[in-house]
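Novice: Residue numbers (the working numbering), protein chains in the order written: chain G, 100 to 513; chain P, 100 to 513. Using N, Cα and C, we set each Cβ at its ideal position, and we do this for glycine too.
2 protein chains.
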Amino acid sequence: MKIEIITVGDEILIGQIIDTNSAWMAAELTREGFEIVAITTVGDQAQNIIRALDTAFSRADVLLMTGGIGPTKDDITKKTLCNYFNTDLIFDESVFQNINRLFAHKNYKLNELTKNQAFVPKDCTVIQNKAGTAPLLWFEQKGKILVSMPGVPFEMKVAITGEIIPRLRKQFLSIDYLKSSFLVSGITESALAILLEDFEAKLPGNFSLAYLPSYGLIRLRLSAWGKENLSEMEFQEGRLRETLHEVLVADGDQPLEALLGEALRSNNLTVSTAESCTGGSIAHRITLVPGASAYYKGSVISYDNTVKTSMLDVDSKSIETYGAVSREVVEQMAQNVSEKLKTDCSIAVSGIAGPDGGTLEKPVGTVWICTRMHNETVTQKYQFGTSREENINRTTNMAILQMIKMLKKYKKPF
Amino acid sequence: MKIEIITVGDEILIGQIIDTNSAWMAAELTREGFEIVAITTVGDQAQNIIRALDTAFSRADVLLMTGGIGPTKDDITKKTLCNYFNTDLIFDESVFQNINRLFAHKNYKLNELTKNQAFVPKDCTVIQNKAGTAPLLWFEQKGKILVSMPGVPFEMKVAITGEIIPRLRKQFLSIDYLKSSFLVSGITESALAILLEDFEAKLPGNFSLAYLPSYGLIRLRLSAWGKENLSEMEFQEGRLRETLHEVLVADGDQPLEALLGEALRSNNLTVSTAESCTGGSIAHRITLVPGASAYYKGSVISYDNTVKTSMLDVDSKSIETYGAVSREVVEQMAQNVSEKLKTDCSIAVSGIAGPDGGTLEKPVGTVWICTRMHNETVTQKYQFGTSREENINRTTNMAILQMIKMLKKYKKPF
Numbered sequence: 100m101k102i103e104i105i106t107v108g109d110e111i112l113i114g115q116i117i118d119t120n121s122a123w124m125a126a127e128l129t130r131e132g133f134e135i136v137a138i139t140t141v142g143d144q145a146q147n148i149i150r151a152l153d154t155a156f157s158r159a160d161v162l163l164m165t166g167g168i169g170p171t172k173d174d175i176t177k178k179t180l181c182n183y184f185n186t187d188l189i190f191d192e193s194v195f196q197n198i199n200r201l202f203a204h205k206n207y208k209l210n211e212l213t214k215n216q217a218f219v220p221k222d223c224t225v226i227q228n229k230a231g232t233a234p235l236l237w238f239e240q241k242g243k244i245l246v247s248m249p250g251v252p253f254e255m256k257v258a259i260t261g262e263i264i265p266r267l268r269k270q271f272l273s274i275d276y277l278k279s280s281f282l283v284s285g286i287t288e289s290a291l292a293i294l295l296e297d298f299e300a301k302l303p304g305n306f307s308l309a310y311l312p313s314y315g316l317i318r319l320r321l322s323a324w325g326k327e328n329l330s331e332m333e334f335q336e337g338r339l340r341e342t343l344h345e346v347l348v349a350d351g352d353q354p355l356e357a358l359l360g361e362a363l364r365s366n367n368l369t370v371s372t373a374e375s376c377t378g379g380s381i382a383h384r385i386t387l388v389p390g391a392s393a394y395y396k397g398s399v400i401s402y403d404n405t406v407k408t409s410m411l412d413v414d415s416k417s418i419e420t421y422g423a424v425s426r427e428v429v430e431q432m433a434q435n436v437s438e439k440l441k442t443d444c445s446i447a448v449s450g451i452a453g454p455d456g457g458t459l460e461k462p463v464g465t466v467w468i469c470t471r472m473h474n475e476t477v478t479q480k481y482q483f484g485t486s487r488e489e490n491i492n493r494t495t496n497m498a499i500l501q502m503i504k505m506l507k508k509y510k511k512p513f
Numbered sequence: 100m101k102i103e104i105i106t107v108g109d110e111i112l113i114g115q116i117i118d119t120n121s122a123w124m125a126a127e128l129t130r131e132g133f134e135i136v137a138i139t140t141v142g143d144q145a146q147n148i149i150r151a152l153d154t155a156f157s158r159a160d161v162l163l164m165t166g167g168i169g170p171t172k173d174d175i176t177k178k179t180l181c182n183y184f185n186t187d188l189i190f191d192e193s194v195f196q197n198i199n200r201l202f203a204h205k206n207y208k209l210n211e212l213t214k215n216q217a218f219v220p221k222d223c224t225v226i227q228n229k230a231g232t233a234p235l236l237w238f239e240q241k242g243k244i245l246v247s248m249p250g251v252p253f254e255m256k257v258a259i260t261g262e263i264i265p266r267l268r269k270q271f272l273s274i275d276y277l278k279s280s281f282l283v284s285g286i287t288e289s290a291l292a293i294l295l296e297d298f299e300a301k302l303p304g305n306f307s308l309a310y311l312p313s314y315g316l317i318r319l320r321l322s323a324w325g326k327e328n329l330s331e332m333e334f335q336e337g338r339l340r341e342t343l344h345e346v347l348v349a350d351g352d353q354p355l356e357a358l359l360g361e362a363l364r365s366n367n368l369t370v371s372t373a374e375s376c377t378g379g380s381i382a383h384r385i386t387l388v389p390g391a392s393a394y395y396k397g398s399v400i401s402y403d404n405t406v407k408t409s410m411l412d413v414d415s416k417s418i419e420t421y422g423a424v425s426r427e428v429v430e431q432m433a434q435n436v437s438e439k440l441k442t443d444c445s446i447a448v449s450g451i452a453g454p455d456g457g458t459l460e461k462p463v464g465t466v467w468i469c470t471r472m473h474n475e476t477v478t479q480k481y482q483f484g485t486s487r488e489e490n491i492n493r494t495t496n497m498a499i500l501q502m503i504k505m506l507k508k509y510k511k512p513f
């Protein structure tokens, strides 16, 4: 069974937004053992949508469409699908009730256009949208399937996970996609490729190894299709782990912040943060993990130097003597935030994100990171690039990673 | 003249990477006055590439292909194009010299795989790649054009800007793309559509209006092709602005945090934040803006209630009596953070992001936001949804927006 993803929306064709929906769907569906043959984006014009459907049905069995089903005039997907499948719109009471329920929860007033969302094509299975007003429309014709769903990322995700994947699983055999991920750090992509030269040369032809670098980290993906490769996969995983050795951070696809959460939780430890150049990015990443309140207490973001002294009791003489971006200051930040917020561990960073603020001695991208656990500290200087966004993201990754590494070595209770 | 973008690469179909190349190309080409009719991604298999080419040639005049032309085994685009255009590979001395020049510059050693890059299809125009080893291949047949270029973002960008756009400009008339964006809030998408019903009814047929909703905000895009519509565009912009009136937040495509920065900067005011449920997301967004240190001083992230009392001096009795998610607590947070961090303004939020922590009285998605300027405060309760990610993002947007609105009304100096 082959799937094509179709995204409808002028905003993607003019480059106003990046199509992150398709990437998310592709990753989820692949993990579930379904094969994507193509991803197509077309604009909000009936003839372009119809041509895309014809092409897609010629190469795929299941078409997953997002977008173009809002209540406004520029959204024409529903009407176009009615024409394509030669059917009419009818009023659906269950959809109307779903809309009412959602609007009541948010205290919104129902209007005529929203009520129109309850009109659905007659010849399709209507699936309630648990997260929004536009229902999912599931068409079947000549053994092929087309599902239309909202393009709002959050609604799409709820639909794919909760409705579409379970229904596809019932109807189609999925071929097991075997995949192992490994999180690697402390090595450049090309140096890693050289390290893995022999491993790759001896990898069976039906296995593939992909490199996915991201802000100082590299995710490796070892993959093959078919359950029969399971024992070979295990063997190759072992070889890969052995070759990676010191640069291997963790197995699996979990984000760094979830790995940190696990390490803290399993050791029954709490953490706080003191951020300067990252401006809250570390705290934000840590608190994206559901249940983070079990181990995360809070942060002082001392973006301005006066906040470093007033809220974190950093010695103003240290700032004068060594500068805010220094070992001395970042170590005081780490110690004092853990004392003030009463946490076992702490992460502190101070650096120059750019584009301004760099000097000859401390150019843009200079960052100090201190991680602390009880009375132990690890303090390290990093030199990143010239892009503000890159420096914020790299610092965030390296700071969380440094804390994870410290926790990994921690075994005995204090 | 219509353009289709074709991306070749399994890594996109399995969702390992997001296709940001296409979005960048689409934005550049649109700005230069070229129309994109479709964006297609297919895998590294000859038959899929050929089918995509057939479809693309049926709806577009120019096909811009990226990817699949590296030196390694899995890259098959060049060979497939030879088959498609019925031609052979020949050795090209000028490409070989370009590769040598690049390698000498980087002190790399030339190997057999890289030398193979100098083999190019006989019946095409070869354009040197100024940033990498794989040349650009420009095919023309029956008045239609296909250009194959590298998928490495940096090399692709150099190719598009330096070679492809100038050559397309010589061969085709480009039509100016007129676009105006408007940021709207405080209204649902459907209510906005009703508000704009008359505006849309009277909009000339060659103009279009698109709605892009995102976490409590809606961006409207009014657009038309052709310079001759310039004065009509201005007229329609005026009508739209008048109709939007109170729900219009700002003109243009700037992110909310940049608008906040502008409002603070122009009034010479500083801001601090006190975050609970957003866990640093507001601070992170504010500090994404280059130069934010001119007006942003810092934050206390009081994720745990003990941090609310110890670091922000929130009265523990208020927390006991009203709960941490309450008007009383969030107002104390706002007042105390601005006093402690010595800022003119402050933003404070407290809410229940979920998935846990909700009660019957305060379900998941309940959020209090207080914004403060000198001694004035605005405090508002919001009821968002059930998704943690959505609640964090919506709260962040609404908090920044509430501060912007307060600043907009602010005229006289204190």
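1. Enumerate in chain order the residues of its own chain whose CB-to-CB distance from T342 of chain G is below 8 Å, with the five nearest sequence positions on each side excluded.
2. From this set, G:S121, G:A122, G:T176 and G:L163, which residue's C-alpha is nearest N147 of chain G's C-alpha?
3. From the beta carbon of D222 of chain P, is the nearest beta carbon of chain G less than 8 Å away?
4. Could you spell out the range, first to last residue, of the beta strand (DSSP E) harbouring F238 of chain P?
5. Does L355 of chain G come within less than 8 Å of chain P when only Cβ atoms are used?
6. Per DSSP, K278 of chain P forms a beta bridge with which residues?
7. Can you tell me which of G:Y276, G:S247 and G:K172 puts its alpha carbon nearest to the alpha carbon of L319 of chain P?
8. Starting from the Cα of T224 of chain G, find the closest Cα among G:P312, G:K205, G:I263 and G:N206 and give me that residue.
9. Quick one: list the residues of chain G neighbouring R487 of chain P, beta-carbon separation under 7 Å, in chain order.
10. Enumerate in chain order the residues of its own chain whose CB-to-CB distance from G397 of chain G is below 7 Å, with the five nearest sequence positions on each side excluded.
11. Please give me, in chain order, every unbroken run of the beta strand (DSSP E) with length at least 3 that falls completely inside the region 160-211 of chain P.
12. Do you know how far the Cα of R130 of chain P is from the Cα of M410 of chain P?
13. With H, G and I counted as helix, E and B as strand and the rest as coil, what does DSSP make of T139 of chain P?
14. Check whether the region 359-369 of chain G touches the region 329-347 of chain G, counting contact only when three or more Cβ pairs, one atom from each stretch, lie closer than 8 Å.
15. Just the Cα atoms here: how many angstroms apart are P312 of chain G and N328 of chain P?
16. How about F202 of chain G and S486 of chain P: do their beta carbons lie closer than 8 Å?
17. Going by the CB atoms, is the gap between A447 of chain P and A594 of chain P shorter than 8 Å?
18. Just to check my reading of the structure: N490 of chain P and G457 of chain P have Cβ atoms closer than 8 Å, yes? What is that Cβ distance to the nearest angstrom?
19. Near E239 of chain G, which residues of its chain fall below 6 Å by C-beta distance, leaving aside the five closest residues on each side in sequence?
20. Would you report the Cα separation of K416 of chain P and I499 of chain P, rounded to the nearest angstrom?
21. Under a CB-based cut-off of 8 Å, is L339 of chain G close to chain P?
22. Give the secondary structure of G450 of chain P by DSSP, where H, G and I count as helix, E and B as strand, and everything else as coil.
23. Around the Cβ of S193 of chain P, are there at least 16 other Cβ atoms within 10 angstroms (buried) or fewer (exposed)?
24. Does DSSP put K214 of chain G in a helix, a strand or coil?
25. Secondary structure at Y314 of chain P, three-state DSSP: helix, strand or coil?
26. When you compare only the Cα positions, how much space is there between M533 of chain G and V107 of chain G?
27. Let me check one thing: in DSSP terms, what residues is L308 of chain G bridge-paired to?
28. Measuring straight from C-alpha to C-alpha, what distance separates G167 of chain P and I105 of chain P?
29. Excluding sequence positions up to five away, which residues of its chain have a Cβ less than 7 Å from the Cβ of V219 of chain G?
30. Sort G:A217, G:S375, G:I381 and G:F156 by Cα distance to T408 of chain G and report the nearest one.
31. Run the CB neighbour count on P249 of chain G, radius 10 Å, all protein chains shown included, and call it buried at 16 or more, exposed below.
32. Determine the burial state of E103 of chain G: buried for a count of at least 16 other Cβ atoms within 10 Å of its Cβ, exposed for fewer.
33. Identify each residue in the region 243-274 of chain P for which the Cβ-Cβ distance to at least one residue of chain G is less than 9 Å, and report them in chain order.
34. Since A125 of chain G and G114 of chain P should fall inside the 8 Å C-beta cutoff, what is the C-beta to C-beta distance between them, to a whole number of angstroms?
35. Hey, is the region 384-404 of chain G in contact with the region 399-408 of chain P, meaning 3+ C-beta pairs nearer than 8 Å?
36. Would you mind telling me which residues of chain P sit closer than 7 Å to Y402 of chain G, beta carbon to beta carbon, in chain order?
Specialist: With the structure as the only source:
1. So the list reads L294, L295, D297 and F298, once near-sequence residues are dropped.
2. Checked all of G:S121, G:A122, G:T176 and G:L163; the closest Cα to N147 of chain G is G:T176.
3. Chain G, which has no Cβ nearer than 8 Å to the Cβ of D222 of chain P, makes this no.
4. Counting along the chain, F238 of chain P sits inside the beta strand (DSSP E) bounded by residues L235 to Q240.
5. For L355 of chain G, no Cβ of chain P is located within less than 8 Å of the residue's own Cβ.
6. K278 of chain P is bridged by DSSP to P:S322.
7. If you compare the alpha carbons of G:Y276, G:S247 and G:K172 with that of L319 of chain P, the shortest gap goes to G:K172.
8. Ranking the options by Cα distance to T224 of chain G, first place goes to G:I263.
9. Against chain G, the beta carbon of R487 of chain P has neighbours under 7 Å at P389, listed in chain order.
10. Excluding sequence positions up to five before and after G397 of chain G, its CB lies within less than 7 Å of the CB of S371 and L440, all in the same chain and listed in chain order.
11. With a minimum length of 3 residues, the continuous beta strand (DSSP E) runs that stay inside the region 160-211 of chain P are 161-165 and 188-190.
12. Whole-angstrom Cα-Cα distance: 49 Å.
13. DSSP places T139 of chain P within a strand segment (E or B) once states are collapsed to three.
14. Fewer than three beta-carbon pairs drawn from the region 359-369 of chain G and the region 329-347 of chain G are found closer than 8 Å, and the two stretches are therefore not classed as touching.
15. Distance from the CA atom of P312 of chain G to the CA atom of N328 of chain P, rounded to whole angstroms, is 45 Å.
16. Going by C-beta atoms, F202 of chain G is not nearer than 8 Å to S486 of chain P.
17. As shown, chain P starts at 100 and ends at 513. That puts residue 594 of chain P outside it, with no answer to give.
18. At roughly 11 Å, the Cβ-Cβ gap does not stay under 8 Å, so N490 of chain P and G457 of chain P are not in contact.
19. Closer than 6 Å at the Cβ level, and outside the excluded window around E239 of chain G, lies no residue.
20. Within the model, the alpha-carbon separation for K416 of chain P versus I499 of chain P is close to 29 Å.
21. Cβ-Cβ to chain P under 8 Å: no for L339 of chain G.
22. Looking at G450 of chain P - three-state DSSP - the assignment turns out to be strand.
23. Burial call: exposed.
24. Three-state DSSP puts K214 of chain G in a helix.
25. Looking at Y314 of chain P - three-state DSSP - the assignment turns out to be coil, as it is neither helix nor strand.
26. In the structure as shown, chain G begins at 100 and stops at 513. Residue 533 of chain G is therefore absent and cannot be evaluated.
27. According to DSSP, which records beta bridges pairwise, L308 of chain G is partnered with G:L321.
28. So the alpha carbons of these two residues sit roughly 11 Å apart.
29. Excluding the 5 residues flanking it on each side, V219 of chain G has same chain C-beta neighbours closer than 7 Å at L188, I189, D191, V194, V225, P234 and L236, in chain order.
30. Distance from the Cα of T408 of chain G is smallest, within the candidate group G:A217, G:S375, G:I381 and G:F156, for G:S375.
31. Answer is buried; the Cβ neighbour count reaches 16.
32. Its Cβ being crowded by 16 or more others within 10 Å, E103 of chain G is buried.
33. Interface annotation for the region 243-274 of chain P against chain G: empty, criterion Cβ-Cβ distance under 9 Å.
34. Their Cβ separation, rounded to whole angstroms, is 3 Å, which keeps A125 of chain G and G114 of chain P in contact under 8 Å.
35. Cβ pair count under 8 Å is three or more, so yes.
36. T386, S392, Y395, K396 and G397, listed in chain order.
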